[in-house]
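**Student:**
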Ligand SMILES: [Zn+2]
Ligand SMILES: [Zn+2]
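In this note's numbering, the protein residues as written are 869 to 1312.
#1: Mind reading off the beta-carbon distance from residue 1232 to residue 1252? Whole number of angstroms is fine, and I expect it under 8 angstroms.
#2: Would you check whether ligand 1 has a heavy atom nearer than 8 angstroms to the C-beta of residue 908?
#3: Taking the alpha-carbon positions, what's the residue 1117 to residue 1137 distance?
#4: Should residue 969 go down as buried or exposed, given a rule of 16 or more other Cβ atoms within 10 Å for buried?
#5: According to DSSP, simplified to helix, strand and coil, what is residue 887?
#6: So residue 1284 packs on residue 1257, CB below 8 angstroms; how close in whole Å?
#7: Exposed or buried, residue 1188, counting other C-beta atoms within 10 Å across all chains shown (16 or more means buried)?
#8: Using three-state DSSP, classify residue 870 as helix, strand or coil.
#9: In three-state DSSP terms, what is residue 950?
#10: With DSSP as the reference, please indicate the residues paired to residue 1136 in a beta bridge.
#11: Is residue 927 near ligand 2 - that is, is its Cβ less than 8 angstroms away from at least one heavy atom of it?
#12: Identify every run of the beta strand (DSSP E) within the stretch 939-1006, keeping only runs that are complete inside it and at least 3 residues long; order them along the chain.
#13: To which residues does DSSP link residue 1129 through a beta bridge?
#14: Can you find the residues in the same chain that come closer than 8 angstroms, C-beta to C-beta, to residue 1099, ignoring five residues on each side of it along the sequence?
#15: Using the C-alpha atoms, what's the distance from residue 1193 back to residue 1150?
#16: Based on the DSSP secondary-structure assignment, which residues constitute the bridge partners of residue 908?
#17: Counting only the same chain and skipping the five closest in sequence on each side, list residues whose C-beta sits under 6 angstroms from that of residue 1111.
#18: Between which two residues does the beta strand (DSSP E) harbouring residue 923 extend?
#19: Residue 1274 bridges to which residues according to DSSP?
#20: Using only the alpha-carbon positions, how far apart do residue 1266 and residue 1205 sit?
#21: Assign residue 955 to one of two classes, buried (16 or more other C-beta atoms within 10 Å of its C-beta) or exposed (fewer than that).
#22: Using alpha carbons as the reference points, say which of 1181, 1152, 1186 lies closest to residue 1164.
#23: Using only the alpha-carbon positions, how far apart do residue 1028 and residue 1263 sit?
#24: Is any non-hydrogen atom of ligand 4 found closer than 8 angstroms to the C-beta of residue 950, if you look at the structure I gave you?
#25: Do the stretch 1056-1066 and the stretch 1083-1097 meet, that is, are 3 or more Cβ pairs less than 8 angstroms apart?
#26: Which term fits residue 1017, buried or exposed, when burial requires 16 or more other beta carbons within 10 angstroms of its beta carbon?
#27: Where does residue 1287 land, buried or exposed, given buried means 16+ other C-beta within 10 angstroms?
#28: Residue range of the beta strand (DSSP E) that residue 1089 falls in?
#29: Please report the residue range of the beta strand (DSSP E) in which residue 1008 lies.
#30: How would you label residue 1213, buried or exposed, when you count the other beta carbons within 10 angstroms and need 16 or more for buried?
#31: Could you give the residue range of the beta strand (DSSP E) that holds residue 1113?
#32: Below 6 angstroms CB to CB, which residues in the same chain sit around residue 1050 once its five sequence neighbours on both sides are set aside?
#33: Under the assumption that residue 1209 contacts residue 1229 (Cβ atoms under 8 angstroms), give the Cβ distance between them as a whole number of angstroms.
#34: In its own chain, which residues sit with a C-beta less than 6 angstroms from the C-beta of residue 1303, not counting the 5 before and 5 after it?
#35: Quick check on the DSSP output: the beta strand (DSSP E) that includes residue 1248 runs from which residue to which?
#36: For residue 977, collect the residues of the same chain with a Cβ closer than 6 angstroms to its Cβ; drop the 5 residues on either side in sequence, then sort them by chain order.
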């Protein structure tokens, strides 16, 4: 027993000095390392980077440049003045503004160091003369008419008689057939409804940085308009290939009426705005991207060149008059995800022979298919609860209606006045029988 205890005590006694030794060794090592680092820090030869100018010299004053070591130490040295005999002042001759380009007043600066003594002031482009304007505040005006201006190329300037031009009012240039091109300076923020309505000679329009609001009727009936350009600093709108978009490219805002051929709407587009393709007679084919969710009021009104349209299932909102007067439109595929067929949306589609409306559609709005003279057959989904006045008015050839619901369901639909005026003696084929135009039911 005793022996064992002694042995244990002995080994404990010899372990303690070992631990101490190790600790001391570590402390010494760390101390040495610290000393070395300190020695290096205080004794290192500085390695300076490149000289950098911190004050440019002028003709008459010295400049300064500096370089730094990683330790924070820096060196500064003086740069000589450029010219012991002082600045060499020169007059920079100004130039007048033209109708479309800004000018500049005279300025004085040093030829050697560039120091400016008299700065030049911008002389804004004078723009077209004689435009009619209305003063809207102490400093601003808006254009209300062409006035005495006879320019075919109208340049709307930034200032008229000292007033900043901030808007082009509704109807301002309506029916001004002599205008061929328009450029609008950066001060103008908005263009009102029908501002360029019926400008039959207008081929191009260039919008400035400031434009933030354009009424969707501004360029209606501009039958020769082929290009809409937006200056690159504009943050609200942008032009791609002469077509006007919102700056984020999600909304298609205006397609110039005279841009013939096929068009593929960019994939980025979610909204086709109101009247975008209104009167685009030359549009022969349209590809509506799979991200488009809404088609605005009258979006394709009078697109006589269209023969076929696929409205993808992404579309949930079809505006009134969307495809009205598409007189050659023979083949339409309607999104399965819309709930309303908008009023007059396919009115006067004289070439339409058949159409299919999905079960999600609840309402066929007023005069939706009126004057579809050769519409022979139509499939109507079982979800329809209302067929509004005139919906199939003057569908002279409509003989077959296929309804995806029972005869009783068909008879429970709320039918508006004249919804089927001037249709022939059609039959409605329901899931359990058929219903004649005069309401007689024959069950399967
Ligand atoms: Zn250093
Ligand atoms: Zn100088």
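Using N, Cα and C, we set each Cβ at its ideal position, and we do this for glycine too.
Predicted model only: the values in this text are computed from it and were never measured.
**Tutor:** In this structure, then:
#1: 6 angstroms
#2: no
#3: 6 angstroms
#4: Classification of residue 969: exposed, given that the 10 Å Cβ count is below 16.
#5: helix
#6: Correct: roughly 3 angstroms between the Cβ atoms.
#7: buried
#8: Any answer about residue 870 is weak, because its pLDDT of 46 lies below 50 and its placement is not dependable; what the coordinates show is given next. If DSSP states are grouped into helix, strand and coil, residue 870 belongs with the helices.
#9: coil
#10: DSSP, once it has assigned bridges, lists no residue as partnering residue 1136.
#11: yes
#12: 942-947, 957-960, 975-978, 984-986, 1000-1003
#13: 1151
#14: 1054, 1074, 1075, 1076, 1077
#15: 14 angstroms
#16: Paired residues: none, contrary to the question.
#17: 1123
#18: 920-923
#19: Looking at the DSSP assignment, residue 1274 forms no beta bridge with any residue, so it has no partner.
#20: 25 angstroms
#21: buried
#22: Closest by alpha carbon: 1186.
#23: 56 angstroms
#24: Summarising the ligand content, the structure contains ligand 1 and ligand 2 and does not contain ligand 4.
#25: Taking a contact to require three or more Cβ pairs closer than 8 angstroms, the stretch 1056-1066 and the stretch 1083-1097 qualify as touching.
#26: buried
#27: buried
#28: Run containing residue 1089: none; DSSP gives neither H nor E here.
#29: 1008-1013
#30: It counts as buried.
#31: Here the beta strand (DSSP E) through residue 1113 covers 1111-1114.
#32: 1022, 1073
#33: 6 angstroms
#34: 1275, 1278, 1296, 1309
#35: 1245-1248
#36: 984
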